[in-house]
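Presented below is the structure to which this report refers.
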Amino acid sequence: PVSEQRTVWHLQAHDVVAIGKLFTTGKIYVQRLITLAGSMVRQPRIVWARMGASTNELIAEQLHDGDARVISGSILNGHRAVDPVSYLSRYSLQVSVLPEGQPRQFLHWLNPFLKQFSVLNVFLKSCKSDEKLAMSSSQNGSPRAMVPLGNYESIMPLDILPTQLLRALLIRDTEVAKALGCLELDEEDLALCTFVCHSKYEYGEALRACLEMIEKEG
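Here it is in structure tokens:
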């Protein structure tokens, strides 16, 4: 397992191809297969692009009308692609485009007939597993206290105690976080926890802050 004394390296499939191209041709291979996806994209598809390509160029004349949020990477773990960072990041193989969130509806959670996604199925429409729901950038709520409701356990594929770990990350308890396995994780591993969090916490940022504290303190 990963520890302060053991570092783990990783490669993407595109990087393996690039290394092979470097040895066989002597040239740095910068072409990547990039996915254009999201409900605002007129024709979702896979395209060839260079590393660090401009997201503005990739989506030019490709979107439906309306305000859109362009993300370099996935909607779970990417960054908002606006100037001056409107480019693919080093490991991004996807451009995601979502509608900008609409103004908050007053006490919308009291209306069970709203057509919105809910992990806890508080809306009737979310109970239909075969129905597609339009997602946007809206958080559908404001920050609040963290209450364990079992939603983290339902989506966590790793053999860890997610609720206890997430609490430790939020309060920067690095000793407990290490004991619960934070050294084996990166931001992407906690992206789903952020997505289903009714408290609206960014667990990827909390994890990175704890990892930097651990590195600094030795």
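If you're matching positions, the sequence shown starts at -3 in this note's numbering and goes up one per residue.
Each residue gets a CB set at the ideal place from its N, CA and C atoms; glycine is no exception.
What you are looking at is a predicted structure, and each value in this text was computed from that prediction instead of being measured.
Beta-carbon proximity check, residue i vs residue j, cutoff 8 Å
i: K196; j: P139; result: yes
i: C193; j: R168; result: no
i: G200; j: T190; result: yes
i: W5; j: Q27; result: no
i: S134; j: Q98; result: yes
i: L186; j: M131; result: no
i: M142; j: L179; result: no
Whole-angstrom distance between residue j and residue i, CA atom to CA atom
i: Q90; j: I24; result: 21 Å
i: I151; j: L188; result: 7 Å
i: R41; j: N147; result: 32 Å
i: H60; j: M36; result: 5 Å
i: L29; j: Q39; result: 16 Å
i: P(-3); j: K174; result: 12 Å
i: T21; j: E53; result: 29 Å
i: E183; j: R76; result: 16 Å
i: F19; j: L157; result: 43 Å
i: P80; j: M209; result: 28 Å
i: R2; j: E171; result: 17 Å
i: Q58; j: K17; result: 31 Å
Expected contact under 8 Å - CB spacing of residue i and residue j to nearest Å
i: S82; j: T31; result: Not confirmed; about 17 Å, so no contact.
i: G62; j: L84; result: Actually they do not touch by this definition, with Cβ atoms about 23 Å apart.
i: I71; j: S92; result: 5 Å
Simplified DSSP state of residue i, which is helix, strand or coil
i: Y148; result: helix
i: T3; result: coil
i: I71; result: coil
i: V66; result: strand
i: V43; result: strand
i: Y87; result: coil
i: R140; result: coil
i: P158; result: helix
i: I30; result: strand
i: R163; result: helix
i: L186; result: helix
Residue i, buried or exposed, once every other Cβ within 10 Å from all chains shown has been counted against 16
i: V12; result: exposed
i: S68; result: buried
i: S(-1); result: exposed
i: I55; result: buried
i: A202; result: buried
i: L7; result: exposed
i: P144; result: exposed
i: A9; result: exposed
i: A164; result: buried
i: A64; result: buried
Proximity test, residue i beta-carbon vs the ligand MN heavy atom, cut-off 7 Å
i: G177; result: This structure lacks the ligand MN; in fact it carries no ligand of any kind.
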